[in-house]
Structures are given as C-alpha cells and as structure tokens.
Amino acid sequence: MPLGVVMKGIGGFYYIKSSFHGIIECKARGIFRKDDIIPLPGDKVSFSIIDTNKNTGLIEEILPRSSELVRPAVANVTQLVVVVAVKSPQPDFLLLDKMLITASLKNIKPIILFNKIDRSSGQDIERIKKVYENTGYDLFFLCAKSHEGFDDLMGILKENITVFAGQSGVGKSTILNRLAGAAVMETGEVSDKIERGRHTTRHAELLELSNGGLVVDTPGFSSFELTGVELNDLELHYPEFINHLGRCRFNGCSHINEPDCVVKEAVENGDIDNERYERFVHFYSLLKKQKDQRYRK
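So the sequence shown is numbered by our numbering: it starts at 2 and just counts up by one.
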C-alpha cells in the first residue's frame with residue numbers, strides 16, 4: 002500500500018503527497034471519525050487509490066506521530082522557527098519565551114529568527130544576542146527585503162518539517178514567499194497606529210521547498226497561553242539553567258526566594274541573562290497561581 006504525507010486538509014478532503022503518485026485527493030475512512038481521529042498536515046499515512054484518472058484515494062492508516070501541535074494543527078513537526086521582528090512591531094520577548102518553552106515541552110527543536118534587521122542598529126542586535134547567547138538556541142538574523150541570511154535559513158530547513166510562528170506582522174508569510182520563490186502566502190502590512198499585522202494565514206498547509214524541506218505558516222499571535230507545563234518542570238525548559246540544577250542548598254529550590262540558590266548566583270554573575278530570569282519568575286508565578294486554584298476546587 003502506498004505511503005505519503007498529508008500536505009493539507011480542507012472540508013474533509015486531504016491532499017497527500019506521494020513520491021510515486023504525486024498529489025492524491027483523499028478522504029479518511031469512517032473508522033477515523035468513529036475514533037475521533039483527524040488526519041493532520043504532516044501525518045505520514047498509507048492510502049489506497051480509488052480512481053487513477055481523477056487521482057483520488059482513501060486514507061487507510063495514520064502512522065504513529067513523533068510530535069503534534071494544536072495551533073497550528075500539524076503532526077511530526079521537527080523544528081519550530083519563532084520569528085521576531087527587531088522593530089515594527091517591537092519584539093515581545095515574553096511571547097518568544099512562551100513559544101520556546103512550548104517547543105521544549107513538545108520535544109521540537111526551537112530556532113529563533115530575528116527579522117527586519119535593516120530597521121535596527123547593530124547595538125540593538127548585539128543586545129538581543131546577549132539575552133540568548135547562553136541558551137544554546139540557534140539564532141538567525143534576517144532581512145527579507147535584501148535576502149540577507151536566507152541561504153543559512155534554507156540550510157536548516159532541509160529534510161525537516163518546520164513550523165513558523167510569531168507575532169502578527171513580523172514577516173512570516175513574506176519569509177515563506179521568499180523561501181518558496183513565489184507568492185504562496187498572503188501577507189499583511191503592519192498598522193502604524195497599533196504595530197500589529199493583519200492575520201493572513203487561514204489554515205495549516207505544508208509548503209514544499211526546493212531542498213525537500215516542508216514548512217508551515219501559522220496565524221499571527223497577539224497572545225499565546227502557556228499550557229501543559231508543570232510548575233516543578235518549568236526549570237527544565239530553560240537550557241541555561243540545566244548545568245546549575247541540583248546544586249542549590251535546598252532540594253526543590255524554586256530559584257526565586259530561597260537562599261544559596263545557584264541559579265540566582267548565575268544571574269548575578271551574568272551567566273544567565275537577567276531578563277530571561279525575570280520572565281522565568283513571571284511564568285513560575287502564573288503556574289503557581291494556576292496550581293493553587295486547582296487545589297482549591
């Protein structure tokens with residue numbers, strides 16, 4: 002039975018890319034609806050051919066998923082590229098760190114892409130680098146207008162399923178258009194008044210690049226909730242914390258109020274960026290409040 006990858010799903014029809022049959026329009030077997038299973042873009046599936054003339058078929062099996070995202074609804078993602086505009090709109094580092102934590106939670110490799118570098122000074126870029134230099138995350142700096150940085154970006158997309166995410170108006174769709182060499186995604190201008198872009202992405206769809214990589218755009222976020230993270234596990238989603246964990250004076254140290262905390266010492270010494278640490282404290286407080294509310298019910 003032939004295998005393929007779901008590229009998109011619209012109105013109960015799923016478009017499967019197969020190396021032998023090309024693009025096949027398929028419906029899913031009724032058993033999937035019965036079991037409340039919906040094929041997602043990125044799913045690896047086996048299918049049968051119903052009509053060779055019309056290139057139609059039927060999804061027979063969905064192979065096990067290595068990862069799954071809800072927004073966008075995509076399976077088997079290997080990389081999450083978080084796009085941040087250096088300016089216009091101003092970077093939302095709280096949103097960025099939420100996405101990095103989510104990627105870690107889903108076992109997806111996070112990559113930070115700073116766009117619109119032509120609108121900022123070298124000093125601004127160096128300050129941004131300093132915040133994330135000890136995290137181990139891959140950092141890319143891009144100018145969509147001049148194509149600066151695109152060759153390096155194409156290199157990391159090869160043979161991966163990569164989701165692009167970020168604030169509205171940071172240039173995700175413009176970047177994907179450049180990568181694909183065609184206007185495959187609609188783009189939205191940033192409002193001068195509120196510095197927000199129009200949401201231009203309507204559904205999850207895999208876009209194939211010339212190097213074999215698959216990418217998907219997402220709706221632009223004005224907010225993004227941190228879900229699925231346990232309070233005591235938050236520290237594990239900060240790569241720059243890892244070498245310091247287990248060395249504090251108290252077991253179960255929250256790295257906030259306790260004395261002789263090695264993480265706080267690393268912040269004071271500059272080994273951990275203070276801005277990142279303050280956002281950790283913010284997230285910890287939110288998760289603790291949520292946990293306390295659950296126990297009161």
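Built from N, CA and C at the ideal position, the CB exists for glycine as well. Bear in mind that the values here come from a model prediction, so they are computed numbers and not experimental data.
| Check | Outcome |
| --- | --- |
| Leu64 burial status per 10 Å Cβ neighbour count (16 or more: buried) | exposed |
| Inter-stretch contact (C-beta, 8 Å, three-pair minimum) for the segment 62-77 and the segment 41-50 | yes |
| Minimum length 3: unbroken beta strand (DSSP E) runs contained in the segment 195-280 | 215-217 |
| Separation of Phe165 from Asp234, as counted between CA atoms | 25 Å |
| Collapsed DSSP secondary structure at Asp139 in the structure displayed | strand |
| Within 9 Å, strictly: CB atoms of Thr53 and Cys27 | no |
| Tyr133 versus Lys289, Asn275, Arg297, Tyr296, residue with shortest Cα-Cα distance | Asn275 |
| Short Cβ contact (9 Å threshold) for Leu227 with Glu236 | no |
| Contact between the segment 145-163 and the segment 75-93 (3+ Cβ pairs under 8 Å) | yes |
| Arg124 (DSSP reduced to helix, strand or coil) | The sequence shown places Gln at residue 124, not Arg. Residue state, collapsed to three classes: helix. |
| Three-way DSSP call (helix, strand, coil) for Leu97 in this model | helix |
| Candidates Ile102, Gly214, Cys144, Ile24, of which the one nearest Phe115 by Cα | Cys144 |
| CB contact flag (Asp139, Arg280, <9 Å) | no |
| Within 9 Å, strictly: CB atoms of Gly10 and Ile25 | no |
| Ala86 in three-state terms, based on DSSP | strand |
| Run of the alpha helix (DSSP H) containing Leu177, from where it starts to where it stops | 173-181 |
| Contacting residues, own chain, Cβ-Cβ under 8 Å from Leu95 (five flanking each side not counted) | Arg280, His283 |
| Identified DSSP bridge partners for Tyr18 | The residue you asked about is not Tyr; residue 18 is Lys in the sequence shown. Per DSSP, Val6, Ile24. |
| Coarse secondary structure for Leu41, derived from DSSP in three states | coil |
| Pair within 9 Å by beta-carbon distance, Ala86 and Val171 | yes |
| CB of Pro331 within 9 Å of CB of Ile50, strictly | Limits of the chain in this structure are 2 at one end and 298 at the other, which puts residue 331 out of reach. |
| Three-state secondary structure assigned by DSSP to Asp312 | Limits of the chain in this structure are 2 at one end and 298 at the other, which puts residue 312 out of reach. |
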